[in-house]
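Structure first, then comments.
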Amino acid sequence: VVNAVAVLIIACPCALGLATPMAVMVGTGRGAHAGVLFRNAEALERMAAVTVLLIDKTGTLTEGKPSVVAVHPAAGYSEHDLMAVAVSLEQNSEHPLAAAILRAARERGINPFPVVSFESFTGNGIQAEFNAHFLRIGTAEWLSSFQIEGLAESEAIAAQERSLGRTVVFVAANDRLAGSISIADPVKANVSESLRALAGEGVRIKMITGDNRATASALAKQLGITDFAAEVSPERKLEIVRDARKHAVVAMAGDGINDAPALAQADIGIAMGSGTDVAMESGNVTLIKGELRGILRARRLSQAVLRNIKQNLFFAFVYNALGVPIAAGILYPFFGILLSPMIAAAAMSLSSVSVIANALRLRNVKL
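Numbering (my numbering), first residue to last: 48 to 414.
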C-alpha cells in the first residue's frame, strides 16, 4: 500500500501541466516588455517557424507620416487651384498620403470645397463631383484608364520625382490633368540594420507596395532589398500571401486598412501599433512602437519560448521516468530499496519547481 501511494504521488502530472503554459505566460510578458504583443499562444509559438517576411512600405518601412515636397500644376492651373482640388477630394480619406495633402493645404491656407458623389477605389484613387465638374486623384495607372488628357506629358517630371523615392499622385478635372503632387515619407530609423539581421537569420524578405515601380525600386535599393513587388492592389497583396504560403511559413507586416486582408491571410500577421485599428485587429502580433526591430525581437522570443518548453517537458518527465519504477519497487529485489511517499512528494514538488524556475528565466532572455 505504501509503495502504491508513492507511485500515485510521484506520477502526478503537475509539472507536465505547467510546462507549456508557464513558458507561454512568461514569454508573453517578456514580449510585452519589449514592445511586442502576441494575440495568442499559437502566434508566439508559430513565429519561430517564419521563413518569409512580406513587408508593406508606407508606415512599415517608412514613418507613415508623409509630407508634400513638391506641387507641379499643369498648364492653366496654379498651385493653389491644384491643392484646392486635391484637398477637397482627400478630405474624406484616411490614407496617410491624404493626411499629407491635408496638412500641406492647411499650411497654405487652402480650404476644401464640398464635393458630392464621393467614391474611393482602394489602392487606386478617389473621384467626386463639384458643380458639375468631375474630379479625380490617384495613381497614373488608374487615371490612364479614363484617358486623361495631359497625363503622358507629366511623366517626365514624375519619373524624376520617383527616382528620388517619392510618391507621385495625379489630379484630374473633367478628364484633363490638373497636375501632380510629390510626397515623401522618411524611412524609419534602424530599418536597414533590422532587415540585415532578419536576413542573416534565414528570413527571406520581400517588399510589397502600391507605389510606382520606380519609387519602390529607389527605396528597395536604399534598404538593400532585392525582392519587391510594386503597383500592387490590396487584392494582389492577398494573392501574393496565398502563393507564398504554399512553400513557406509566411509573416506579413503592415499598418493600413489596405493591408488588413493580407495580415489575416498570412500565417503570422504583424501590425504596427502606430497603424490603423483594423490592421491591429487583423494581425496576430502587434508592434507597439511600430519599429521593424520588433519583428526580430518577436522571432527570437518565439525561438526562446519553444526551447524553454522542450526543457520544461524534460523536467516534467525525467522525475517521473526515474521515480515511478523506483517507487514501484524495481530496486527492492536487488538492493532492498523502497521509495518513501515523503520522498516521492518531494520529487514531485521539485519537478514543478524546476519547470517554474526554468520558465522564469525567459524574463531575462536577450532579444
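C-beta: ideal position from N, C-alpha, C; glycine also.
Keep in mind that this is a model prediction, so the values were computed, not measured.
If you draw a straight line from the alpha carbon of residue i to that of residue j, how long is it in whole angstroms?
{"i": "Pro60", "j": "Asn331", "result": "31 Å"}
{"i": "Ser192", "j": "Leu198", "result": "11 Å"}
{"i": "Ser135", "j": "Glu282", "result": "27 Å"}
{"i": "Glu208", "j": "Ala345", "result": "36 Å"}
{"i": "Tyr124", "j": "Ala151", "result": "17 Å"}
{"i": "Pro308", "j": "Val365", "result": "45 Å"}
{"i": "Asn305", "j": "Thr169", "result": "7 Å"}
{"i": "Gln269", "j": "Arg340", "result": "17 Å"}
{"i": "Ile403", "j": "Ser264", "result": "50 Å"}
{"i": "Ile356", "j": "Ala66", "result": "6 Å"}
{"i": "Lys336", "j": "Val215", "result": "28 Å"}
{"i": "Asn171", "j": "Arg93", "result": "34 Å"}
{"i": "Gln194", "j": "Leu129", "result": "19 Å"}
{"i": "Ile184", "j": "Ile173", "result": "5 Å"}
{"i": "Phe177", "j": "Ser167", "result": "16 Å"}
{"i": "Gly271", "j": "Glu200", "result": "32 Å"}
{"i": "Ala231", "j": "Ala351", "result": "39 Å"}
{"i": "Arg354", "j": "Val83", "result": "19 Å"}
{"i": "Asn411", "j": "Ala81", "result": "11 Å"}
{"i": "Ala146", "j": "Glu137", "result": "8 Å"}
{"i": "Ser114", "j": "His180", "result": "27 Å"}
{"i": "Lys112", "j": "Ser280", "result": "21 Å"}
{"i": "Val400", "j": "Leu63", "result": "12 Å"}
Helix or strand or just coil, what does DSSP make of residue i?
{"i": "Ala219", "result": "strand"}
{"i": "Gln194", "result": "coil"}
{"i": "Val297", "result": "strand"}
{"i": "His142", "result": "coil"}
{"i": "Arg183", "result": "strand"}
{"i": "Ser241", "result": "helix"}
{"i": "Leu100", "result": "strand"}
{"i": "Pro161", "result": "coil"}
{"i": "Ala236", "result": "coil"}
{"i": "Thr262", "result": "helix"}
{"i": "Glu166", "result": "strand"}
{"i": "Ala318", "result": "strand"}
{"i": "Arg155", "result": "coil"}
{"i": "Leu224", "result": "strand"}
{"i": "Ile390", "result": "helix"}
{"i": "Glu176", "result": "strand"}
{"i": "Thr105", "result": "helix"}
{"i": "Ile304", "result": "helix"}
{"i": "Ser251", "result": "According to the sequence shown, residue 251 is Arg rather than Ser. Arg251 falls in the strand class under three-state DSSP."}
{"i": "Ile230", "result": "strand"}
{"i": "Ser114", "result": "strand"}
{"i": "Ala131", "result": "helix"}
{"i": "Pro121", "result": "Here residue 121 is Ala; the residue named in the question, Pro, does not match the sequence. Note: Ala121 maps to coil in three-state DSSP."}
{"i": "Ala276", "result": "strand"}
Can you round the beta-carbon distance between residue i and residue j to whole angstroms, since I take them to be within the 8 Å contact cut?
{"i": "Ala206", "j": "Ala121", "result": "Their Cβ separation, rounded to whole angstroms, is 16 Å, which puts Ala206 and Ala121 out of contact at 8 Å."}
{"i": "Val162", "j": "Leu182", "result": "7 Å"}
{"i": "Ile204", "j": "Val218", "result": "With 8 Å as the limit, Ile204 and Val218 do not qualify as a contact, their Cβ atoms being about 13 Å apart."}
{"i": "Ile79", "j": "Ala406", "result": "Before going further, note that residue 79 is Ala rather than Ile in the sequence given. In fact, because the Cβ distance is near 16 Å, the residues do not count as touching under 8 Å."}
{"i": "Leu414", "j": "Ile342", "result": "Going by Cβ atoms, the distance from Leu414 to Ile342 rounds to 11 Å, so no, they are not a contact pair."}
{"i": "Ile109", "j": "Pro233", "result": "The sequence as given places Thr at residue 109; Ile does not occur at that position. That belief holds up - the Cβ atoms of Thr109 and Pro233 are roughly 6 Å apart, short of 8 Å."}
{"i": "Ala313", "j": "Val288", "result": "5 Å"}
{"i": "Ala394", "j": "Gly376", "result": "About 16 Å; that fails the 8 Å criterion."}
{"i": "Ala391", "j": "Ala368", "result": "Contact doesn't hold; Cβ gap of about 14 Å is too wide."}
{"i": "Leu310", "j": "Met319", "result": "With a Cβ gap of about 10 Å, Leu310 and Met319 do not count as contacting."}
{"i": "Asn87", "j": "Leu385", "result": "Not really, about 46 Å apart at Cβ, beyond 8 Å."}
{"i": "Lys284", "j": "Ile315", "result": "Not really, about 15 Å apart at Cβ, beyond 8 Å."}
Less than 8 Å between CB atoms is the rule here; does residue i satisfy it with respect to chain D?
{"i": "Ile102", "result": "Looking for chain D here will not work: only one protein chain is present."}
Next item on the list: Evaluate the contact criterion for the region 345-356 versus the region 102-112: three or more CB pairs, one atom per stretch, below 8 Å.
Entry: No contact exists between the region 345-356 and the region 102-112.
Check: Can you give, in chain order, each stretch of the beta strand (DSSP E) that sits fully within the region 327-375 and has at least 3 residues?
Finding: 332-334, all fully within the region 327-375.
Margin query: Measuring CB atoms only, is the region 261-279 touching the region 70-84, in the sense that at least three cross pairs come out at less than 8 Å?
Written below: Touching, no.
Notebook entry, point to check: Are at least three pairs of beta-carbons, each pair with one atom in the region 236-250 and one in the region 91-103, less than 8 Å apart?
Noted result: Because the criterion of three Cβ pairs below 8 Å is met, the region 236-250 and the region 91-103 touch.
Checklist line | Length-filtered (3 minimum) beta strand (DSSP E) runs lying within the region 52-91 | finding: You should have 83-85.
Check: Touching or not, the region 352-368 and the region 321-329, by the rule of three or more beta carbon pairs under 8 Å?
Finding: The answer is no - the region 321-329 does not touch the region 352-368, with fewer than three Cβ pairs under 8 Å.
Check: Can we say the region 282-300 touches the region 228-240, given the rule of at least three CB pairs closer than 8 Å?
Finding: Result no; under three Cβ-Cβ pairs closer than 8 Å.
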